[in-house]
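Protein sequences appear in the order of chains A and B.
Just so you know, we're using our numbering here: the first sequence kicks off at 1 and counts up by one.
Just so you know, we're using our numbering here: the second sequence kicks off at 1001 and counts up by one.
First up is the structure itself, then whatever we jot down about it.
There are 2 protein chains.
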Amino acid sequence: MVQKRKGPPFSGAPVANTVDVAGTAAGPGVETTAGQPAAPVRKRGRPRAFTPEVALSRALDRFRDGGYAATSLDDLSAAMGINRPSLYGAFGDKRELFLKAYERYREEVGGQFATAFDPALTLRQSMERIFATALDVYLAGENGPRGCFTVMTAGSEAMADPEIRGTVLRALASTDKALRKLLELAIVRGELPAGTDVELLVQVAGSAIHTIAIRARAWTPRADLEVIARRAIDFVCAGGAAPVERRR
Amino acid sequence: MVQKRKGPPFSGAPVANTVDVAGTAAGPGVETTAGQPAAPVRKRGRPRAFTPEVALSRALDRFRDGGYAATSLDDLSAAMGINRPSLYGAFGDKRELFLKAYERYREEVGGQFATAFDPALTLRQSMERIFATALDVYLAGENGPRGCFTVMTAGSEAMADPEIRGTVLRALASTDKALRKLLELAIVRGELPAGTDVELLVQVAGSAIHTIAIRARAWTPRADLEVIARRAIDFVCAGGAAPVERRR
DNA sequence: TCTTTTTTGTACCATTTCGCAATAAAATCC
DNA sequence: GGATTTTATTGCGAAATGGTACAAAAAAGA
Chain A
1 MVQKRKGPPF SGAPVANTVD VAGTAAGPGV ETTAGQPAAP VRKRGRPRAF TPEVALSRAL
61 DRFRDGGYAA TSLDDLSAAM GINRPSLYGA FGDKRELFLK AYERYREEVG GQFATAFDPA
121 LTLRQSMERI FATALDVYLA GENGPRGCFT VMTAGSEAMA DPEIRGTVLR ALASTDKALR
181 KLLELAIVRG ELPAGTDVEL LVQVAGSAIH TIAIRARAWT PRADLEVIAR RAIDFVCAGG
241 AAPVERRR
Chain B
1001 MVQKRKGPPF SGAPVANTVD VAGTAAGPGV ETTAGQPAAP VRKRGRPRAF TPEVALSRAL
1061 DRFRDGGYAA TSLDDLSAAM GINRPSLYGA FGDKRELFLK AYERYREEVG GQFATAFDPA
1121 LTLRQSMERI FATALDVYLA GENGPRGCFT VMTAGSEAMA DPEIRGTVLR ALASTDKALR
1181 KLLELAIVRG ELPAGTDVEL LVQVAGSAIH TIAIRARAWT PRADLEVIAR RAIDFVCAGG
1241 AAPVERRR
């Protein structure tokens, strides 16, 4: 909904992890304590009986399982522990809640992936962290692995909703960008040869993450996904030259 | 739903393209003229006012846009040109219709991809056909590009429905298998060096198809997708060694 | 021509879904 | 202490959804 900030992509642009949901301002915003001093200043009116971030994370959990249409307001209000008027009051209608939940996903997962892009790490360490994080995130879920929200949930809604589509595209681009930056840095530091085809490596790594996301939601065993990840990591860390050595 | 046959995967196992929907037998099957001689033999009772295959293709079209939950029976019966009781009579309930539509997708698209696996073609010709077909299929749609049904529609339903999940897994495996076979044949025929890392190439090609599917539904311009395709084709046809040459 | 079979069309049903009105509760302000 | 403000609760309404009963229509069979 609020397009004034990029937010982290689904798989880890190295961006500061700021929880700035309070900046939504328009309509029933999601108020957080982040926007208020720690002093016991209290707003008039009955206090909320729930914590918006916690409730939003619960909603995200439901949406991740069921997608948009198959997740009802009853499902959501039960999971969030609030009644429907409260839900509407705090988050807006169903679509607005979905958009907020998606942003939340991107923040949470973005934070997790951000650690993999720490410049203090070697290229291989980064790649291993990226894929380990992807596996952890995509294989998580009370009711079974759910894959990646951007690919498997928002992605499906993309053609029906221009705003979701826009966010999906931004997420995809952000991933590509982060990978590109990582690889270019690796070249500067001599971890990769000077003429490395960065775009090929970005593509191989990025699409490996995508195929893992798809397969995870189909409940492909973790071991199989690790094979895919290992192959992509080895390929990239060898600057795309691994197959040449492997042949002998 | 009927698991006794593999059917073509979403991106082209080289399998005979037989329209055998009539084999469903169980419950209200989808009758086709394929199962009946061309003689004017006629069953008792009022004849159908619609052609099941045509209706099913229409249903597939709707499901491809909206996914399972967001596509209502009203949407479907309107698109198919039949009333709900007729829909139930011919195809079963909503879920059964979805499963049949998915199988139909696999048959149709499988047939299209099958031509790319013709052994009379060179490896490069095959690869170019595979990706051209993928682009055509994933970018098609009256209301905009819809990506791949297996990835973007059935894939999202995979965790909620074990049968869909099973079909998705089979489709993914079938793609891998077809690519593997293609590459192994290319080695036998000397199009690829003897020690080529086939599994790496299968992964790169397969995941390129996946990332294209995702991006297509987010309405990434065709030119951008063609860049991805071109890169994967060049990489594979060089036996994974393209980056080495490219570096100089 | 009447009976049987299959399909179509109309109407309906029970439930679900999304969103909201009204009232009560819990806090601050004057 | 009463007024105001914000949130929680209860209940509801309109519409949508998936599925079905039944009568009529259209064909083959006896």
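For glycine and all other residues, C-beta sits at the position ideal for the given N, C-alpha and C.
Where in the stretch 1062–1144 of chain B do unbroken runs of the alpha helix (DSSP H), each at least 4 residues long, occur, reported from the N-terminal end onward? DSSP assignment within the stretch 1062–1144 of chain B yields the following whole alpha helix (DSSP H) runs of 4 residues or more, N-terminal first: 1073–1080, 1084–1091, 1094–1114, 1123–1138.
Quick one: Cα of serine 1156 of chain B to Cα of tyrosine 1068 of chain B, how far? In this structure, the alpha-carbon of serine 1156 of chain B lies about 9 angstroms from that of tyrosine 1068 of chain B.
Comparing alpha-carbon positions, which option in B/Leu1183, B/Ala1208, B/Asp1197 lies nearest phenylalanine 1117 of chain B? Measuring C-alpha to C-alpha distances from phenylalanine 1117 of chain B to each of B/Leu1183, B/Ala1208, B/Asp1197 identifies B/Leu1183 as the nearest.
Apply the 10 Å Cβ neighbour rule to threonine 71 of chain A and answer buried if 16 or more other Cβ atoms are within range, or exposed otherwise. Flag for threonine 71 of chain A reads buried.
With distances taken from CA atoms, which of B/Arg1129, B/Leu1073, B/Ala1059, B/Leu1121 is nearest alanine 1101 of chain B? The closest CA to that of alanine 1101 of chain B, considering only B/Arg1129, B/Leu1073, B/Ala1059, B/Leu1121, is found on B/Ala1059.
Which of the residues in the stretch 198–223 of chain A, read from start to end, lie with their CB under 9 angstroms from any CB of chain B? Answer set for the stretch 198–223 of chain A: Glu199, Leu200, Leu201, Gln203, Val204, Gly206, Ser207, Ala208, Ile209, His210, Thr211, Ile212, Ala213, Ile214, Arg215, Arg217, Ala218, Trp219, Thr220.
By alpha-carbon positions, which one of A/Leu73, A/Arg106, A/Glu107, A/Glu108 ends up nearest to phenylalanine 91 of chain A? Checked all of A/Leu73, A/Arg106, A/Glu107, A/Glu108; the closest Cα to phenylalanine 91 of chain A is A/Leu73.
Interface flag, tyrosine 68 of chain A vs chain B, CB-CB below 9 angstroms: Cβ-Cβ to chain B under 9 angstroms: yes for tyrosine 68 of chain A.
Please list the residues of the stretch 159–189 of chain A that have a C-beta atom closer than 8 angstroms to any C-beta atom in chain B, keeping them in chain order. Taking 8 angstroms as the Cβ-Cβ cut-off against chain B, the residues of the stretch 159–189 of chain A that qualify are Met159, Ala160, Arg165, Val168, Leu169, Leu172.
Taking the alpha carbon of proline 145 of chain A as the reference point, which residue from A/Leu56, A/Phe235, A/Gly45, A/Arg62 has its own alpha carbon closest? Nearest option by C-alpha distance: A/Arg62.
Span of the alpha helix (DSSP H) holding glycine 1166 of chain B? Glycine 1166 of chain B -> alpha helix (DSSP H) spans 1162–1188.
Give every residue of the same chain whose Cβ lies closer than 6 angstroms to the Cβ of alanine 1205 of chain B, excluding the five residues on either side of it in the sequence, and list them in chain order. Counting only Cβ-Cβ distances below 6 angstroms, and skipping sequence neighbours, we find Leu1179, Ala1232, Val1236.
With 16 as the cutoff for other CB atoms within 10 Å, does glycine 239 of chain A come out buried or exposed? Buried.
Could you name the residues of chain B that threonine 133 of chain A contacts, counting a contact when the two beta carbons are closer than 7 angstroms? Result: empty, since nearest Cβ-Cβ is about 18 angstroms, beyond 7 angstroms.
With 9 angstroms set as the bound, which would you pick, yes or no: does the beta-carbon of alanine 140 of chain A sit closer than that to a beta-carbon of chain B? No - not a single Cβ of chain B is within 9 angstroms of the one on alanine 140 of chain A.
Cβ-based contacts, 8 angstroms cut-off: residues of the stretch 1052–1079 of chain B near chain A: Going along the stretch 1052–1079 of chain B in chain order, one finds Asp1065, Gly1066, Gly1067, Tyr1068, Ala1069, Ala1070 with a Cβ nearer than 8 angstroms to chain A.
Let's see if you can read the secondary structure: which residues bound the alpha helix (DSSP H) around leucine 1225 of chain B? First-last of the alpha helix (DSSP H) with leucine 1225 of chain B: 1222–1237.
Pull up the distance between the alpha-carbon of tyrosine 1215 of chain B and that of phenylalanine 131 of chain A, whole angstroms please. Inspection of the sequence shows that residue 1215 of chain B is occupied by arginine rather than by tyrosine. Our two residues, arginine 1215 of chain B and phenylalanine 131 of chain A, have alpha carbons roughly 20 angstroms apart in a direct line.
Determine whether the Cβ of phenylalanine 113 of chain A lies closer than 9 angstroms to any Cβ atom of chain B. The Cβ of phenylalanine 113 of chain A sits no closer than 9 angstroms to any Cβ of chain B.
Can you give me the Cβ contacts of aspartate 93 of chain A inside the same chain, cut-off strictly under 7 angstroms, excluding the 5 residues immediately before and after it? Within its own chain, no residue has a Cβ closer than 7 angstroms to the Cβ of aspartate 93 of chain A once the five positions on either side in sequence are excluded.
Determine the direct distance from the alpha carbon of glycine 1081 of chain B to that of serine 77 of chain A, and round the result to whole angstroms. If you take the alpha carbons of serine 77 of chain A and glycine 1081 of chain B, they lie about 38 angstroms apart.
Any C-beta of chain A sitting closer than 9 angstroms to the C-beta of methionine 1127 of chain B? Any Cβ of chain A closer than 9 angstroms to the Cβ of methionine 1127 of chain B would place that residue at the interface, and such an atom is absent.
Locate the alpha helix (DSSP H) running through valine 204 of chain A, then write down its first and last residues. Boundaries of the alpha helix (DSSP H) around valine 204 of chain A: 198–217.
Would you please state the rounded distance, in angstroms, between the beta carbons of leucine 1123 of chain B and alanine 1194 of chain B? I believe it to be under 8 angstroms. With a Cβ gap of about 15 angstroms, leucine 1123 of chain B and alanine 1194 of chain B do not count as contacting.
Does cysteine 237 of chain A come within less than 9 angstroms of chain B when only Cβ atoms are used? By this cut-off, cysteine 237 of chain A is not an interface position.
Determine, using beta carbons only, whether tryptophan 219 of chain A and arginine 1165 of chain B come nearer to each other than 9 angstroms. In this structure, arginine 1165 of chain B lies closer than 9 angstroms to tryptophan 219 of chain A by Cβ.
Would you verify that the beta carbon of alanine 49 of chain A is, or is not, closer than 9 angstroms to some beta carbon of chain B? No, because no Cβ of chain B sits closer than 9 angstroms to the Cβ of alanine 49 of chain A.
Any idea if valine 1227 of chain B is buried or exposed, counting beta-carbon neighbours within 10 angstroms, 16 or more meaning buried? Of the residues assessed, valine 1227 of chain B falls on the exposed side of the cut-off, its CB having fewer than 16 other CB atoms within 10 angstroms.
Whose CA, out of B/Arg1064, B/Arg1042, B/Ser1174, lies closest to the CA of glycine 1141 of chain B? Ranking B/Arg1064, B/Arg1042, B/Ser1174 by CA distance to the CA of glycine 1141 of chain B puts B/Arg1064 first.
Threonine 1211 of chain B classed as buried or exposed, judged by whether at least 16 other C-beta atoms fall within 10 angstroms: With 16 or more Cβ atoms within 10 Å of its Cβ, threonine 1211 of chain B is classed as buried.
By DSSP, does methionine 159 of chain A sit in helix, in strand, or in coil? In this structure, DSSP gives methionine 159 of chain A a state outside helix and strand, which the three-state scheme calls coil.
Listed by chain order, chain B residues near arginine 106 of chain A by CB distance under 8 angstroms: Near arginine 106 of chain A there are no residues of chain B at all, since even the closest Cβ is about 15 angstroms away, more than 8 angstroms.
So, with DSSP's three-state summary, where would you put glycine 1240 of chain B? Looking at glycine 1240 of chain B - three-state DSSP - the assignment turns out to be coil, as it is neither helix nor strand.
Please confirm if valine 151 of chain A has its CB atom under 9 angstroms from at least one CB of chain B. Interface residue, yes.
Counting C-beta neighbours from all protein chains within 10 Å, is the total for glycine 1027 of chain B 16 or more, i.e. buried, or is it exposed? No answer about glycine 1027 of chain B holds up, because its pLDDT of 35 lies below 50 and its placement is not dependable.
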